[in-house]
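Residue numbers (the working numbering): 70 to 692.
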């Protein structure tokens with residue numbers, strides 16, 4: 070029985086085969102959107118992933134099928150069922166053949182092969198979707214002579230896509246049984262309750278309505294473009310015109326997606342930067358920037374710099390926690406607004422370090438901040454407890470904006486940090502060797518990016534040897550971002566960046582062997598489920614290194630999850646958002662939150678020691 074209502078404006082788009090193929094592609098993509106990522110997600114997150122993935126796959130499939138129709142048709146005409154089935158079969162064989170031929174090279178890192186793999190898959194999917202839609206059209210409309218409507222177009226194609234999706238889910242379950250489920254407590258969706266389900270339902274309904282609006286709007290826009298082209302050339306453009314129209318609209322969708330991604334990235338980076346109200350009064354301590362002995366202007370170090378120096382620990386606070394005599398630690402900020410010139414800013418910062426007594430401490434920590442000038446106070450306080458205050462921290466500020474806007478400035482950060490290290494070394498040459506403090510590096514997130522990339526500047530020394538040449542005795546780098554040049558080069562060629570195998574990568578600091586007194590090392594602490602480390606823009610078409618064969622994947626990476634162009638990237642973007650979620654006082658080992666690793670990470674990198682009782686007291690104080 071046909072639907073009683075068949076509004077012409079609604080059925081016109083549904084009878085277009087590119088739209089029908091797109092519906093199959095959208096429904097098909099739902100299975101991939103349900104795959105486990107690096108981190109659990111909320112029902113709302115899942116609804117967003119499914120909605121975005123379905124929308125993109127609708128447009129990709131509709132455009133790909135319209136291109137295949139253009140190939141199958143005579144100029145100015147549209148192909149018949151036989152021609153569609155032939156071109157669909159050819160697309161399936163050719164597409165999967167291309168994907169199979171390029172899969173290995175794609176997994177090995179070839180971007181060109183990845184593009185071929187993604188294109189081959191998409192052409193094959195379009196062939197399956199368009200071929201199925203063509204057969205439904207032939208059977209229901211030409212053989213059974215049913216009147217075209219949503220019940221003879223949308224529903225059968227939707228059912229086809231859902232059926233394929235169900236098959237994909239079945240095979241995913243089989244993969245899970247075959248390879249095992251790593252980290253089973255990492256559920257696909259967590260926080261399920263009545264409220265979250267209601268929110269997710271709302272998002273899902275909105276996504277469905279939005280997808281429907283996009284589908285109908287895209288079809289109307291495509292028809293409009295076809296009519297304009299036909300009028301311009303005074304001839305029916307046929308299937309070729311449909312292909313051009315859908316391609317133009319796909320390009321528009323791509324631009325909209327790029328803009329949306331930028332907005333999301335901005336939001337993610339804002340959440341990574343902790344910006345608190347400015348402190349109105351300069352500090353009274355003589356051991357910090359902007360204090361009585363400092364010439365660094367209080368208003369030149371930004372909100373985070375003012376917070377950093379104002380909230381410095383005192384020797385009394387350290388003694389209370391450690392149960393041992395302590396001295397006041399030194400905290401210095403090379404303020405971003407203290408000088409425009411990088412070398413001048415570095416010189417001012419190191420001069421302030423000396424004025425505040427930094428060269429009288431046993432350790433000088435050059436702590437690279439995030440874009441807004443923030444250094445994780447948990448890490449710095451842990452250092453001050455472990456050294457009983459016998460340390461100085463200098464923060465070279467290369468920007469005072471959220472990290473999303475500061476990313477282009479990381480090279481400035483690298484050069485500034487090198488200038489600070491050079492200036493420190495020049496000053497140390499004037500101090501007797503037995504009294505010289507040791508210099509260490511520390512960075513978290515974008516700060517780790519800058520700190521490690523200090524070693525990649527062209528010159529006679531590169532990698533860990535460059536750090537040694539700069540006088541760096543040890544370093545600890547929490548949550549190294551995917552965009553870090555050192556990380557990329559080290560993964561590709563470890564020997565070139567670390568010929569003596571001095572740098573160590575661990576998931577958690579306890580994996581690093583304890584150091585004897587006086588020894589230091591270079592230590593990267595990166596959680597296996599940290600999306601900031603494993604993200605990548607090329608994931609739109611290219612499998613990331615950590616999604617290789619199931620048995621070779623790092624711990625915490627789901628083995629049953631398959632790489633899918635576009636879909637995997639959308640899931641990873643939501644993981645990126647969730648990886649930065651942290652609650653004050655709640656230290657957990659998950660994603661991009663490294664507060665729980667601060668104390669032991671510093672001990673295993675700098676060779677610092679404390680008793681079990683003191684370690685417990687430090688952890689309590691940090692929370």
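Backbone N, C-alpha and C define an ideal beta-carbon position, used for all residues, glycine too.
Since we're looking at a predicted model, the values are computed, not measured.
Does the beta-carbon distance from residue i to residue j come in below 9 Å?
{"i": "residue 165", "j": "residue 189", "result": "yes"}
{"i": "residue 226", "j": "residue 96", "result": "yes"}
{"i": "residue 321", "j": "residue 87", "result": "no"}
{"i": "residue 508", "j": "residue 480", "result": "no"}
{"i": "residue 123", "j": "residue 98", "result": "yes"}
{"i": "residue 744", "j": "residue 199", "result": "Outside the displayed span of the chain (70 to 692) sits residue 744, for which this structure offers no information."}
{"i": "residue 89", "j": "residue 102", "result": "no"}
{"i": "residue 634", "j": "residue 628", "result": "no"}
{"i": "residue 523", "j": "residue 539", "result": "yes"}
{"i": "residue 556", "j": "residue 589", "result": "no"}
{"i": "residue 632", "j": "residue 616", "result": "yes"}
{"i": "residue 93", "j": "residue 201", "result": "yes"}
{"i": "residue 512", "j": "residue 546", "result": "yes"}
{"i": "residue 153", "j": "residue 141", "result": "yes"}
{"i": "residue 183", "j": "residue 621", "result": "no"}
{"i": "residue 610", "j": "residue 107", "result": "no"}
{"i": "residue 245", "j": "residue 450", "result": "no"}
{"i": "residue 488", "j": "residue 581", "result": "no"}
{"i": "residue 604", "j": "residue 630", "result": "no"}
{"i": "residue 447", "j": "residue 400", "result": "no"}
{"i": "residue 467", "j": "residue 455", "result": "no"}
{"i": "residue 660", "j": "residue 600", "result": "yes"}
{"i": "residue 100", "j": "residue 301", "result": "no"}
{"i": "residue 318", "j": "residue 132", "result": "yes"}
{"i": "residue 520", "j": "residue 544", "result": "yes"}
{"i": "residue 367", "j": "residue 464", "result": "no"}
Taking only three categories from DSSP, how would you classify residue i?
{"i": "residue 127", "result": "helix"}
{"i": "residue 632", "result": "coil"}
{"i": "residue 222", "result": "coil"}
{"i": "residue 107", "result": "coil"}
{"i": "residue 439", "result": "coil"}
{"i": "residue 318", "result": "helix"}
{"i": "residue 690", "result": "helix"}
{"i": "residue 599", "result": "coil"}
{"i": "residue 140", "result": "helix"}
{"i": "residue 542", "result": "strand"}
{"i": "residue 531", "result": "coil"}
{"i": "residue 662", "result": "strand"}
{"i": "residue 302", "result": "helix"}
{"i": "residue 626", "result": "coil"}
{"i": "residue 251", "result": "coil"}
{"i": "residue 677", "result": "coil"}
{"i": "residue 584", "result": "coil"}
{"i": "residue 149", "result": "coil"}
{"i": "residue 611", "result": "coil"}
{"i": "residue 702", "result": "For the chain, the structure presents residues 70 to 692; residue 702 sits outside this window and is missing."}
{"i": "residue 227", "result": "helix"}
{"i": "residue 344", "result": "Bear in mind that the predicted position of residue 344 carries a pLDDT of just 41, short of 50, making it too unreliable to give a figure here."}
For residue i, which beta-bridge partners are listed by DSSP?
{"i": "residue 547", "result": "513 and 594"}
{"i": "residue 65", "result": "Nothing about residue 65 can be read from this structure; the chain reaches only from 70 to 692."}
{"i": "residue 464", "result": "402"}
{"i": "residue 56", "result": "Because the chain here runs from 70 to 692, residue 56 falls outside it and cannot be looked at."}
{"i": "residue 444", "result": "According to DSSP, which records beta bridges pairwise, residue 444 is partnered with nothing at all."}
{"i": "residue 155", "result": "None, per the DSSP bridge assignment."}
{"i": "residue 574", "result": "593"}
{"i": "residue 357", "result": "400"}
Taking its Cβ as the centre, do 16 or more other Cβ atoms sit within 10 Å of residue i, making it buried, or is it exposed?
{"i": "residue 350", "result": "exposed"}
{"i": "residue 562", "result": "exposed"}
{"i": "residue 663", "result": "buried"}
{"i": "residue 678", "result": "exposed"}
{"i": "residue 670", "result": "buried"}
{"i": "residue 337", "result": "Low local confidence applies: a pLDDT of 44 at residue 337 is under 50, so the model's placement there is unreliable, with the coordinate-based value given in what follows. When all chains shown are included, residue 337 counts as buried."}
{"i": "residue 533", "result": "buried"}
{"i": "residue 685", "result": "exposed"}
{"i": "residue 518", "result": "buried"}
{"i": "residue 698", "result": "A query on residue 698 cannot be resolved here, the shown segment of the chain reaching from 70 to 692 and no further."}
{"i": "residue 158", "result": "exposed"}
{"i": "residue 364", "result": "exposed"}
Does the beta-carbon of residue i, which I'm using as the reference point, lie nearer than 8 Å to any heavy atom of the ligand ADP?
{"i": "residue 197", "result": "Within the structure as shown, the ligand ADP is missing, as the structure has no ligands at all."}
Looking at the C-beta of residue i, does it have a partner C-beta in chain C at a distance below 9 Å?
{"i": "residue 583", "result": "In the structure shown, chain C cannot be found, because there is only a single protein chain."}
- Query: Going along the chain, which unbroken runs of the alpha helix (DSSP H) with 4 or more residues stay wholly within the segment 168-212?
  - Reply: Unbroken alpha helix (DSSP H) stretches of 4 residues or longer found wholly inside the segment 168-212: 180-206, given in chain order.
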